[in-house]
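Accompanying notes for the structure given below.
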Amino acid sequence: MKVNKTPILEHLSEKEIAKLERTVFTKRVQETVYCYLFACYTGLAYVDMTLLSEASIVEQEGREYLKGGR
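In the numbering used here, the protein residues as written are 330 to 399.
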């Protein structure tokens, strides 16, 4: 029997993301949701998010940016 190894990719709709933003969770779950939403809006991969720290935030011309690399 042949098994399809291509993963099925699904994404959240804007409505579903908005619902996540409005929903109140326990503190632990809320922190996870914030990280997930941050990844959604920045396009950062999970592995890149794990490398972020306060030192990753740089200010230039009055604006804050994330600095980092793999």
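Note that CB positions come from ideal geometry on N, CA and C, so glycine has one too. Quick caveat, the model's predicted, so the values are computed rather than measured.
field: Straight-line gap, Cys364 to Arg351 (C-alpha atoms, nearest Å)
entry: Counting from one through the sequence shown, the residue named residue 364 turns up at place 35. Counting from one through the sequence shown, the residue named residue 351 turns up at place 22. If you take the alpha carbons of Cys364 and Arg351, they lie about 15 Å apart.
- prompt: In the DSSP assignment, what are the bridge partners of Ile386?
  reply: Residue 386 sits at position 57 when you count from the first residue of the sequence shown. Leu395, per the DSSP bridge assignment.
For Val358, three-class secondary structure by DSSP: By 1-based counting over the sequence shown, the position of residue 358 is 29. Look at Val358 here: in three-state DSSP terms it is helix.
query: Grouping DSSP H, G and I as helix and E and B as strand, with all else coil, what is Leu349?
result: The sequence position of residue 349 within the sequence shown is 20, counting from 1. In this structure, Leu349 counts as helix in the three-state DSSP scheme.
message: Within a Cβ cutoff of 8 Å, which residues of the same chain sit near Gly397, ignoring the five residues on either side of it in sequence?
response: Mapped onto the sequence shown, residue 397 falls at position 68. The residues are Asp377, Leu380, Leu381, Ser385.
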